[in-house]
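Working notes for the structure below.
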Amino acid sequence: MKKSVRSAFSAFALFVCAASAASAAVTAPKVKEVPLAAGVMTVFDYGDVKLHAYATGDALADEAYIVEGADALVGIELPPFTANLEAWKSYIGGLNKPMKDLFVSAHPAGASYAEGMTIYGTEAAKNAIAGGSTAAITEGLHKAFGDEFRGSDTVSIAKVLAAGPVTLGGVEFILVAQGDAYDIVIPAINAVSTHMLGKHTHSIIGGAAHMDAMLKTLRGYREAQYAMILPAHSAPEGQDAVSEKIRYVEKLKELAASSGSGEEFKKGAIAAFPQYDGLNYLDMTAAALFPAE
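Here the sequence shown stands for residues -24 to -1, 1 to 269, where the numbers follow mature numbering (1 follows the signal peptide of the UniProt record, and there is no 0).
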């Protein structure tokens, strides 16, 4: 496990997540870490429901989730590298409950490890995985990382769901459309899964309209007062990360309006957020905001 990945999920961060859950009228969970052959599983035990958060420690800092109800398991996203898929599958087997249902929004690699599971998602996510933006990203990552990244072994969404509530494994989930992907609200633990957040990581922003959409979503998280946000590229985060990301996007809007070039924009962003990692994401944002360069 890469130290940089796990440091984002320190004992203090675990305490903050647990305290947030308690303050949001959800019983504070018991928390433990379970080392796997590849990566670490953190278990949040709420009593009737458990959340298993899998920090893969892979090159992409991928995170996958398992929601455990009384009698069954429901997955959220797949870990895309072979070593993690093996560890994930072995861990599921040790829980001694069936896992027949899997939500896939943005991480479809690893279909062979999801055999026998029904894959759920929105129509937009299905199309993006089949031949749209998600397919293109997955193909690019497969070329970059080789066959250890299971990009030639992708799932198809078999059960298309509209935005709104659905109950799987005895647990209610609420799908919220987000373009080619979707968020999943889990009311029982006052949490929401999303593709990316990252308190101190630059975001990939596709233009001015995307900034406005991000702010709308983030302010929605703040208004809902979710105890945890469950990103697919970092450990679970709290409302402090939401507030920081709102500040970040608002500042980037200012910089985009005042900068005359992508380089000027990037320099301003780095000066404003010197502690942020993910400079490659900032490059992508600058290219989207200043496409003529």
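We treat Cβ as the ideally placed atom computed from N, Cα and C, and that holds for glycine.
In this structure, HIS176 lies near TYR252, with their beta-carbon atoms less than 7 Å apart.
Per the Cβ contact rule, the region 101 to 113 is in contact with the region 122 to 136 (3 or more Cβ pairs under 8 Å). Cβ-Cβ distances below 7 Å link TYR197 to VAL168, ILE205 and VAL218 in the same chain, with the five nearest sequence neighbours on each side left out; the list follows chain order. The same chain holds no residue with a CB closer than 6 Å to that of GLU240 once the five nearest residues on each side in sequence are set aside.
Remark: C-beta atoms of GLY15 and ASN60 approach each other more closely than 7 Å. Boundaries of the beta strand (DSSP E) harbouring PHE149: 147 to 154, taken from the DSSP string. For GLY70, the uninterrupted alpha helix (DSSP H) segment begins and ends at 58 to 70. Counting every other CB atom within 10 Å of its CB across the protein chains shown gives GLY127 a total of 16 or more, marking it as buried. If you check the CB distance, THR3 and GLU9 do not come in under 7 Å. For VAL218, the secondary structure class from DSSP, reduced to helix, strand or coil, is helix. Nearest to THR94 by alpha-carbon distance, out of ALA63, ILE52 and GLY107, is ILE52. Inter-residue distance for ILE165 and ALA203 is about 8 Å (C-alpha atoms, whole angstroms).
GLY140 and ILE150 have their alpha carbons spaced roughly 5 Å apart. Around the beta carbon of GLU213, 16 or more other beta carbons sit within 10 angstroms, so the residue counts as buried.
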